[in-house]
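Following the working numbering, the numbering of the sequence shown begins with 672 at its first residue and continues without gaps.
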Amino acid sequence: MTTTPRANPTADTLATIDQWMQRLADETDQAAHSADLTRYLQTVSRFYSYSAHNCMLIAVQRPTARRVAGYRAWQALGRQVTKGAKGIAILCPAPIRAKTDAGDDAVIALRFRTGYVFDVADTDGADLPALTVHAVAGERYETLLHRLIEIAECRGLRVSFKERLLWDANGVSYGDGRIELKATNPAGNLCKTLIHEWAHERVHRAEDRHTFTTQQAECQAESIAYCVCQTLAIPTPNTPTYLALYKVSRATLAANLDAIRAGVAALMQEIAPALDLDSVRAA
Ligand SMILES: [Zn+2]
């Protein structure tokens, strides 16, 4: 029998969470070594990671952007920018170098020039390797999703659906109570995404988000969602790959264990009293 984590987790519930985390570590290890992920990461490594300012510039000019790269980067990936495609302007650092007295080459100033990137929608050619996403669908999850949204909103969160989110994300948490979910995803996947974004809202508020690295924040939110989903009998077949994408290892999970335990307890304190857990699990 599964012990349900409560607000003040007992030794039993902590042991249960730790068991789940051991299993998650095994599954993530396996996902990290899959051929699927290796191929995918090789491609992703060719995409430059843009600064927050450039992400904003991209979002303003092309809210539907999914993957952006420069003209030549697309060519290297086997895709050609289509004729007449409009580039998205970003700022590229252009360091000014000079020789020091010691004869070394040093950066003496940093200027910015305008560069252009293109969204994948403006390119043609070889398909980019994609990761397999497992669908979790069914009436049971539709009912549960509806109920979870009601509970989230009772607890002050505001959940909305969008056809498409920036970077093709499945969900977004703004850290101020707003959560957006991708409308076209199956209900079971959306249950997990809602709980993931819910965890971000509780553990990574907008004002202190900068104190977490992306890897820490994603490791914590996804692991909290994984454990909460175990208590609600929601399958989480995509979680190991998601964590492996952020290079989360067994050691990362262990380093974040306290935050994960606290997050699971906090979310279950909000969710459990509003649900009849036995009938949810039996449904
Ligand atoms: Zn996240």
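Ideal Cβ positions, reconstructed from N, Cα and C, are used throughout, including at glycine.
Since this is a predicted model, take the numbers as computed values, not measurements.
Does DSSP put Ala682 in a helix, in a strand, or in coil? Helix.
For Asp839, which of helix, strand or coil comes out of DSSP? Residue state, collapsed to three classes: helix.
Nearest by alpha-carbon distance to Asp798: which of Met939, Asp700, Leu748, Val919 is it? With distances taken between Cα atoms, Asp798 lies closest to Leu748.
Spatial neighbours of Asp790 within its chain, please: CB distance less than 6 Å, with the 5 preceding and 5 following residues excluded, ordered by chain position. So the list reads Arg733, Ala736, Val739, once near-sequence residues are dropped.
Cβ-heavy atom distance between Glu872 and ligand 1 below 7 Å? In this structure, the C-beta of Glu872 stays at least 7 Å away from each heavy atom of ligand 1.
Residues near Ile759 by beta carbon distance below 8 Å, same chain, minus five either side: Cβ neighbours of Ile759 beyond the five flanking positions: Leu728, Ile729, Gln732, Arg733, Ala736, Val739, Tyr787, Val788, Phe789, Asp790.
Do you know offhand how far Arg677's Cα is from Ala926's? Here Arg677 scores only 49 on pLDDT, less than 50, and its place in the model is too uncertain to base an answer on.
If you check the beta carbons only, do Val935 and Ile905 fall under 8 Å apart? Their beta carbons are not under 8 Å apart, which means Val935 does not touch Ile905 by this criterion.
From which residue to which residue does the beta strand (DSSP E) around Leu852 run? Per DSSP, Leu852 belongs to the beta strand (DSSP E) from 849 to 853.
Give a yes or no on whether the C-beta atoms belonging to Tyr859 and Val899 are separated by under 8 Å. Looking at the sequence provided, one finds Gly at residue 859 rather than Tyr. Taking 8 Å as the Cβ cut-off, Gly859 and Val899 do not qualify as a contacting pair.
Between which two residues does the alpha helix (DSSP H) containing Ile729 stretch? Per DSSP, Ile729 belongs to the alpha helix (DSSP H) from 723 to 732.
Alpha helix (DSSP H) runs contained entirely in the stretch 864 to 912, provided each spans 4 or more residues: Correct list: 885 to 902.
Just confirm the distance between the C-beta atoms of Glu941 and Arg826, as a whole number of angstroms; I'd bet it's less than 8 Å. Between Arg826 and Glu941 the Cβ distance is about 5 Å, and since that is below 8 Å, they are a contact.
Are there any heavy atoms of ligand 1 lying less than 7 Å away from the beta-carbon of His867, as far as the coordinates show? In terms of side-chain proximity, the C-beta atom of His867 is found nearer than 7 Å to a non-hydrogen atom of ligand 1.
In the structure shown, what three-state DSSP assignment does Val788 receive? Of the three classes helix, strand and coil, the one that applies to Val788 here is strand, per DSSP.
Can you give the Cα-Cα distance for Met672 and Ala723, rounded to whole angstroms? The pLDDT assigned to Met672 is 43, lower than 50, so where the model puts this residue is not dependable, and the model offers no usable value.
On the DSSP bridge list, what partners appear for Leu762? BP columns for Leu762 point to Thr785.
So what's Ala696 in DSSP terms, helix, strand or just coil? Secondary structure at Ala696: helix, using DSSP grouped into helix, strand and coil.
Which residue's Cα is closest to the Cα of Thr785: Ile761, Ala933, Pro766? Comparing Cα-Cα distances from Thr785 to each of Ile761, Ala933, Pro766, the minimum goes to Ile761.
Please report how far the alpha carbon of Ala877 lies from the alpha carbon of Asp847, in whole angstroms. If I take the Cα positions, the gap works out to 6 Å.
Taking 8 Å as the threshold (C-beta atoms), are His871 and Ala888 in contact? It is a contact, given that the beta carbons lie within the stated cut-off.
Short check: CB of Leu916 to CB of Met692, under 8 Å? Against a cut-off of 8 Å, the Cβ pair of Met692 and Leu916 comes out as no contact.
Through-space distance from Leu815 to Ala840, alpha-carbon basis: Cα to Cα, the separation comes out at about 22 Å.
Compute the distance between the beta-carbons of Ala769 and Phe783, then report whether it is under 8 Å. Taking C-beta atoms as the reference points, Ala769 and Phe783 fail to come closer than 8 Å.
With hydrogens ignored, establish whether the beta-carbon of Glu851 is closer than 7 Å to any heavy atom of ligand 1. Not under cutoff, so the answer is no.
Using the beta-carbon count (16 or more within 10 Å), is Arg717 buried or exposed? Its Cβ having fewer than 16 others within 10 Å, Arg717 is exposed.
To the nearest angstrom, report how far apart Arg873 and Asp775 are at their CA atoms. Their backbone Cα atoms lie some 49 Å apart in a straight line.
Closer than 7 Å by C-beta to Asp700: which residues in its own chain qualify, once you throw out the five before and the five after it? Chain order, please. Exclusion of the five residues before and after Asp700 leaves Arg921 as the residues of its chain whose Cβ lies within less than 7 Å of its Cβ.
Can you tell me whether DSSP reads Ser950 as helix, strand or coil? DSSP, reduced to helix, strand and coil, places Ser950 within a helical segment of the structure shown.
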